[in-house]
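*Asks:*
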Amino acid sequence: MFTLLFLRSNVQNYASLSTAIAISLGAIPGALSRYYLMLYLAQRWGTHFPYGTLVINLSGALLMGFFTTLFIEQVITSSKLQLLITTGFLGSYTTFSTYALDTSILWHGGARVKAFFYWAGSVVLGGICLAMGMSLAHMVR
Numbered sequence: 000m001f002t003l004l005f006l007r008s009n010v011q012n013y014a015s016l017s018t019a020i021a022i023s024l025g026a027i028p029g030a031l032s033r034y035y036l037m038l039y040l041a042q043r044w045g046t047h048f049p050y051g052t053l054v055i056n057l058s059g060a061l062l063m064g065f066f067t068t069l070f071i072e073q074v075i076t077s078s079k080l081q082l083l084i085t086t087g088f089l090g091s092y093t094t095f096s097t098y099a100l101d102t103s104i105l106w107h108g109g110a111r112v113k114a115f116f117y118w119a120g121s122v123v124l125g126g127i128c129l130a131m132g133m134s135l136a137h138m139v140r
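So the sequence shown is residues 0 to 140, counted in numbering that gives the first Met the number 0.
1. Work out the CA separation of Met-37 and Thr-52 for me, nearest whole Å.
2. Measure the Cβ-Cβ separation of Ile-22 and Leu-82 and say whether it is below 7 Å.
3. What's the gap between the Cα of Phe-48 and the Cα of Gln-42?
4. What residues in its chain sit with their C-beta under 6 Å from that of Ala-91, if we drop five residues either side in the sequence?
5. The ligand NAP and Thr-46: does any heavy atom of the ligand fall closer than 6 Å to the residue's C-beta?
6. Taking just the CA atoms, how far does Val-123 sit from Gly-45?
7. Between the Cα of Arg-33 and the Cα atoms of His-137, Tyr-50 and Gly-132, which residue gives the shortest distance?
8. Whose C-alpha, out of Leu-105, Leu-100 and Thr-68, is nearest the C-alpha of Ala-60?
9. Helix, strand or coil for Pro-49? Go by DSSP, reduced to three states.
10. Output the boundary residues of the alpha helix (DSSP H) element that contains Ala-19.
11. State yes or no: is the C-beta of Ala-114 within less than 7 Å of the C-beta of Leu-105?
12. By a C-beta neighbour count over all protein chains shown, 10 Å radius and 16 as the cutoff for buried, is Leu-89 buried or exposed?
13. Are there 16 or more other CB atoms within 10 angstroms of the CB of Phe-66, so buried, or fewer, so exposed?
14. Have a look at Thr-18, Leu-24, Val-54 and Ala-19 and flag the residue whose alpha-carbon is nearest the alpha-carbon of Tyr-35.
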């Protein structure tokens, strides 16, 4: 929802080269942060539980909440910086942060039933899609 609202209000800048560069400059450190943090946590705490994914998803949600609040309250006004951080860095670091934000926007906007079904449906359908993808991979192997 936030991503869609942001894109609607910035549709002129959406396709520009400088926008693509801003997103890319955020995506590289986001992906590398995810990779190295997961390696570090696996070495430190083991691989019997997905600590890395949990820490990344929770920290991504925290960062998404922090930065989108700064954007909404116009503490940070640069649309390129917004895209660098949210779509670029956090988009490659975790998609859970956007999922958490969209759920929160629905919930606090009064659409609590919709928020619940989005929240639960994403988890259930995500698991089903994962299983379907695994099955498809086994069929084409």
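Backbone N, C-alpha and C define an ideal beta-carbon position, used for all residues, glycine too.
*Replies:* Inspection of the coordinates gives the following:
1. Those two C-alpha atoms are separated by around 7 Å.
2. Going by C-beta atoms, Ile-22 is nearer than 7 Å to Leu-82.
3. The alpha-carbon of Phe-48 is positioned some 12 Å away from that of Gln-42.
4. Reading the sequence as shown, one finds Ser at residue 91 and not Ala. Taking C-beta separations shorter than 6 Å and ignoring five residues to either side along the sequence, the partners of Ser-91 in its chain run Ala-26, Gly-29 and Ala-30, following chain order.
5. The ligand NAP is absent from the structure shown, which contains no ligands of any kind.
6. Between the C-alpha atoms of Gly-45 and Val-123 there is a straight-line separation of about 27 Å.
7. Closest option to Arg-33, judged by alpha-carbon separation, among His-137, Tyr-50 and Gly-132: Tyr-50.
8. Comparing C-alpha distances from Ala-60 to each of Leu-105, Leu-100 and Thr-68 shows the shortest one belongs to Leu-100.
9. Note: Pro-49 maps to coil in three-state DSSP.
10. Taken as a continuous stretch (DSSP letters only), the alpha helix (DSSP H) holding Ala-19 covers 16-44.
11. For the 7 Å CB-CB criterion, Ala-114 and Leu-105 form a contact.
12. Under this definition Leu-89 is a buried residue.
13. By the 10 Å Cβ count, Phe-66 comes out buried.
14. Distances from the alpha-carbon of Tyr-35 to those of Thr-18, Leu-24, Val-54 and Ala-19 put Val-54 closest.
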